[in-house]
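Asker: Every letter in the sequence shown is one number past the one before it in my numbering, and letter 140, counting from 1, is 140.
Here it is: the structure, laid out below.
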Amino acid sequence: MLATSALLMAGCSSVKVEDYAGTTPQLDIADYFTGQTRAWGMVQDYSGKVQRRFTVDIDGTYEGNTLTLDEAFVFDDGETDRRIWQFTRIDEHRWIGTANDVEGQVEARQYGHVFHMRYPLEIEVSGRSIRFTMDDWMYLQPDGRLINRTSMRKFGLTLGEITLVFEQVAPTDD
1 MLATSALLMA GCSSVKVEDY AGTTPQLDIA DYFTGQTRAW GMVQDYSGKV QRRFTVDIDG
61 TYEGNTLTLD EAFVFDDGET DRRIWQFTRI DEHRWIGTAN DVEGQVEARQ YGHVFHMRYP
121 LEIEVSGRSI RFTMDDWMYL QPDGRLINRT SMRKFGLTLG EITLVFEQVA PTDD
């Protein structure tokens, strides 16, 4: 009975980005995203069924304390979208971010091999706009790829998940 209670309580605790302090490889989003990055992703509904697949080409620049990510999305149905993030470094672990389609400022944090942020985002679903809370986690892998898992929540329920794999694009000699 005690073991069952402990397991249930452990399941209720939430993971914090600080839990990853000291893990390697060390992720610094300015280092990772400066230059060209490509990602492949999918959107799944609450049941796990894949609803959409997409690629993202990201052009990242870092000037002063500001990282700008110009993201160009191409979905499997031909739809395109663009998001421009601007992250300002506050200290070793904290960033403040804004994006053209995100309301307000987002506090993001990085510790060890992990980056985390939570933000509101309006997404069109079946012809209507729904505001989700996006819970965004990125994990740097030893081979240099970055795995991104995002939960899409509404009223505290996870209604969708987004998974991406990022890879840095080597510069080409023109």
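Using N, Cα and C, we set each Cβ at its ideal position, and we do this for glycine too.
Quick caveat, the model's predicted, so the values are computed rather than measured.
(1) Per the contact definition of three or more C-beta pairs closer than 8 angstroms, is the stretch 127–141 in contact with the stretch 40–49?
(2) Would the stretch 135–150 count as touching the stretch 109–119 if we require 3 or more Cβ pairs under 8 angstroms?
(3) Taking 6 angstroms as the limit between beta carbons, can you name the residues of its chain near D177, skipping five residues before and five after?
(4) Please classify F155: is it buried, with 16 or more other beta-carbons within 10 angstroms of its beta-carbon, or exposed?
(5) Since I147 is in the beta strand (DSSP E), which residue starts that stretch and which ends it?
(6) Can you list, in chain order, the residues of its chain whose CB lies under 6 angstroms from that of V114, leaving out five sequence neighbours each side?
(7) On the criterion of 16 or more Cβ atoms from any shown chain inside 10 Å, does A170 qualify as buried, or is it exposed?
(8) Let me know the secondary structure DSSP gives A170 once reduced to three states.
Answerer: Result, derived from the coordinates:
(1) Touching, no, given that fewer than three Cβ pairs across the two stretches are closer than 8 angstroms.
(2) yes
(3) What the structure shows of the chain is the stretch from 1 to 174, and residue 177 is not part of that stretch, so it cannot be assessed.
(4) exposed
(5) L146 to K154
(6) If we look at V114 and ignore the five residues flanking it on each side, its Cβ neighbours are V17, Y20 and Y139.
(7) exposed
(8) coil
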